[in-house]
Amino acid sequence: MSPWTQVWLLAKREFVERGRSKPFLVTMVILAVVIIAIGPVINALSGGEPEATTVGLVGVELRGIEDELETQGDLFEIDIDVVRFESMDQAENALEDGEVDAVLRDGNEVVFYDNTSAGLTSLIQRAVDTVVTVSTLEDLGLSEVEISAVQEPVPVSVSTIEETDLEEDAKRGAAFVGAILLYVSIIMFGQFVAMGTVEEKQNRVVEVVLSRVRPWQVLVGKVAGIGLLGLLQLTILLGAAYISAQLAGPTDIDVAAVGLPIIAGVFFWFILGYAFYAFLYAAVGSTVSRQEDLQGAIMLPIVLILPGYLLAISAAENPDSLLARVGSLMPMWAPFVMPVRIAAGSAAAWEIAVAVVGSIVGAVALVWIGSRVYRGALLRTGTKVKITDAWRAAAD
Amino acid sequence: MLTMIDVHKRFGDVLALNGAGFSVERGRILGFLGPNGAGKTTMMRVIFDLVHPDSGIVTWNGIPVDAKARLGFGYMPEERGLYPKMKVVNQLVHFARLSGLSNDDARDAVEHWLGVLGLGDRADAKLEELSHGNQQRAQLAAALAPNPELLVLDEPFAGLDPIGVDSLSQTLRELSSGGVTIVFSSHQLDLVEDVCQDVAIINDGRIVLDGDLDQIKARSSRRRLTIDVDGRSWIPDLPDIEVVRNHGQDHCVVPDDAPVADILAVAEAAGNVTRFAFEPPHLTDLFREAVQP
């Protein structure tokens, strides 16, 4: 039987036993449901399709004002509905209930509920101006053709010098969500590795296992099995996020074009980041013999991971800052920060290469250091083993 | 045949094994004895390379033991432990497979041993749902699951009730008659005397006495002498005598050429002799003599 067959058996046990534990399944289902719900909920809160703007009319009514309000609305690409009220009381009630956005009273007063809107005011103002002017010109005896010649609006084209790119924003947003997911996953599955290591020490089963396989096999099997479970959970959660984005449906964004590269990136950086931290978690986990002592031991990986998360937030805001650039190159933070910078289009090819190679080298170094501490500490029970003592013990 | 030769191991300032070695032939049961801290557990761990010795040789049938050979060994550590939340059958199959059995063979072996150990109906229970005694049995089953040629048990009788002791003794005898070589450590010397053909006694990291138990006894120049006068223990006044005080049943250990007739005469002069036994030393006597400073 080859050593790798044993590693596979060890990995399979981790995957199956942890994967079918109730707390894990319940957490994953809850997470997936929450993520799927986020899209439609945001959609519902932001109102989805922009609603029509409603203007109420009360009192003395200018001839043709209703048509003119709608015409002006068309010019501003706003859908204007007009509602008539018998009295100002009714109109005020409608304002209070939010049924109308503004009320034009007697053709010379615009009433809002609590906040005025300059845009809507000027739109109504223009409509009033127009109908008054038309009526004056008619009174002066001008023909319809002459009036429309005078009144023909001269459309002004509107543009920005920087192109508004909805997809760019969506990409950055998705990359940021990906960074959070990565952060949560690496901490979660890193903890699983540490907990699994302590459990085996605490239950003493580790000696039964080690009478059959070498410490490195236990370590690699555990990290691989739990890592596969992490990939499975990521697949499910990213699938949920994808469904959520589809349900949220801003139709002018191609969810697949934005989402798939991000999803691929999350997988890629998860593997690098997880490899780096999982072996560290295993090493610190192996130094204690009881779950109660684990919280203190895992401070080291947590303290290392946390800046990565903060840097990712900062990079989402400002991907070109020195902080973001340096953070994205450090092996322990690159998995969190670099994907955000890549999505923002701010990472140069050489920077990406440095981050990837650095993370791989870092992960390999951690495999080596972590394995040695793990080997040295695994059979020492009782008090917490110092990492340096475990390191030396493994030399035997 | 398991052979360990000149094994040394130092942990920091502590010399745990100082040239220890013994051997045990195929199908025999060796009781591995020694005071606490003498090096028993370390020696057993060396067989599985759980402790890597500084020097020394471990061979199985004359060939140095490697990872592959170890897969044919079963080990029950002193610190018992399995996965509490895993089904008994699943974890035993897992361990059997880690020892190199195919899935089918592993399942057959586990089913067999669970049946032999009386756990057949608890196979689908989680380990933590088993009684203490049954957890002990499951632990033994984990050692037996790969159908080992060599079984190494660290304190297998600790914590068992008298019925459990009888049943484990019986199991060990059956295994050994089936050709399995067994090494186990224990502090219960009468039990070892009852179950084992061979003993090895370790003290301060060295083997101080080992071999076939009957031959050791026969070879010994000491004899156990137990005399009761008027129903109470009576100790003769002799040179070169070792008195063992043992909760009202004291005895002494004397040279095999002690003047038995003279002693009996003195005892009869002292009162009514109700018991007079001059016999080969028991294992406890040998043990005490071997580990005395």
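Here the protein sequences come in this chain order: A and B. Residue numbers 326 to 721, in my numbering, belong to the letters of the first sequence in order. Residue numbers 250 to 542, in my numbering, belong to the letters of the second sequence in order. Glycine included, C-beta positions come from ideal geometry on N, C-alpha and C. Computed from a prediction, not measured in an experiment: that's the story for all the values here.
Asn528, Arg529, Val530, Val531, Glu532, Val533, Val534, Leu535, Ser536, Arg537, Val538, Arg539: these are the residues of the segment 528-544 of chain A whose beta carbon lies less than 8 Å from some beta carbon of chain B, given in chain order. With a threshold of 8 Å between beta carbons, Leu553 (chain A) makes no contact with chain B. Taking the Cα positions, Glu525 (chain A) is about 20 Å away from Pro328 (chain A). As the crow flies, the alpha-carbon of Ala641 (chain A) is around 37 Å from that of Thr446 (chain A). Proximity of chain A to His343 (chain B) at the Cβ level (cut-off 8 Å) is accounted for by Leu334, Arg338, in chain order.
Nearest C-alpha to Val530 (chain A) among B:Val448, B:Ala392, B:Ser470: B:Ala392. Flagged as an interface residue toward chain B: Gln331 (chain A), by a C-beta distance shorter than 8 Å. By the beta-carbon neighbour count (other beta carbons within 10 angstroms, threshold 16), Ser412 (chain A) is exposed.
By the CB criterion at 8 Å, Pro644 (chain A) and Leu507 (chain A) fall outside the cutoff.
Residue environment for Met293 (chain B): buried (at least 16 other C-beta atoms within 10 angstroms of its C-beta). If the five residues before and after Ala600 (chain A) are omitted, its C-beta is found closer than 8 Å to the C-beta atoms of Val548, Gly552, Ala688, Leu691, Val692, all from its own chain and listed in chain order. By the Cβ-count criterion, Asp426 (chain A) is buried, with 16 or more other Cβ atoms from all chains shown falling within 10 Å of its own Cβ. Here DSSP, grouped into helix, strand and coil, assigns Thr291 (chain B) to helix.
Distance from the CA of Ile512 (chain A) to the CA of Pro586 (chain A), rounded to the nearest whole angstrom, comes to 23 Å. Looking only at B:Thr291, B:Asp447, B:Phe322, the smallest Cα-Cα distance to Asn396 (chain B) is reached by B:Phe322.
With fewer than 16 other Cβ atoms from the protein chains shown falling within 10 Å of its own Cβ, Val479 (chain A) counts as exposed. When rounded, the separation of the alpha-carbon atoms in Ser646 (chain A) and Ile685 (chain A) is 24 Å. The C-alpha of Lys711 (chain A) is placed about 10 Å away from the C-alpha of Arg717 (chain A). Taking the C-beta atoms as reference points, Val651 (chain A) is found no nearer than 8 Å to Pro626 (chain A). With the rule of 3 Cβ pairs closer than 8 Å, the segment 500-511 of chain B does not count as touching the segment 413-422 of chain B. The segment 427-440 of chain A and the segment 380-390 of chain A touch, with three or more beta-carbon pairs separated by less than 8 Å. Within the segment 306-338 of chain B, those residues whose Cβ lies closer than 9 Å to any Cβ of chain A are, in chain order, Ala316, Lys317, Arg319, Leu320, Phe322, Gly323, Tyr324, Met325, Pro326, Glu327, Glu328, Arg329, Gly330, Leu331, Tyr332, Pro333, Lys334, Met335. Between the C-alpha atoms of Leu619 (chain A) and Ser611 (chain A) there is a straight-line separation of about 9 Å.
Within the DSSP secondary-structure output, Val337 (chain B) pairs in no beta bridge. Within the segment 433-487 of chain B, the alpha helix (DSSP H) runs of at least 4 residues that lie entirely inside it are, in chain order, 438-444, 462-468.
Shown here for Gly503 (chain A): same chain residues with a beta carbon closer than 7 Å to its own, the five before and five after excluded, namely Ile587, Gly590, Val591, Pro664 in chain order.
With respect to the 8 Å criterion, Pro284 (chain B) and Val295 (chain B) are not classified as neighbours on the basis of their beta carbons.
The beta carbon of Glu339 (chain A) lies closer than 7 Å to those of Gly521, Gly546, Lys547, Gly550, Ile551 in the same chain, with the five residues before and after it left out.
Looking at A:Ser468, A:Ser569, A:Phe501, the one whose alpha-carbon comes closest to that of Ala357 (chain A) is A:Ser569. In this structure, the CA atom of Glu491 (chain B) is about 13 Å from the CA atom of Ser470 (chain B).
Its chain contains Val456 as the residues whose beta carbon lies nearer than 6 Å to that of Gly389 (chain A), once the 5 sequence neighbours on both sides are disregarded; these appear in chain order. Residue contact with chain B for Met520 (chain A): absent (no Cβ-Cβ distance below 8 Å to any residue of chain B). When DSSP states are grouped into helix, strand and coil, Met253 (chain B) belongs to the strand group. Taking a Cβ-Cβ cut-off of 7 Å, Glu617 (chain A) has no neighbours in chain B, whose nearest Cβ is about 17 Å from it. For chain B, none of the residues of the segment 419-437 of chain A brings a beta carbon within less than 8 Å of one of its beta carbons.
Contact annotation for Met513 (chain A) against chain B: no contact, minimum CB-CB distance about 19 Å [criterion: below 8 Å].
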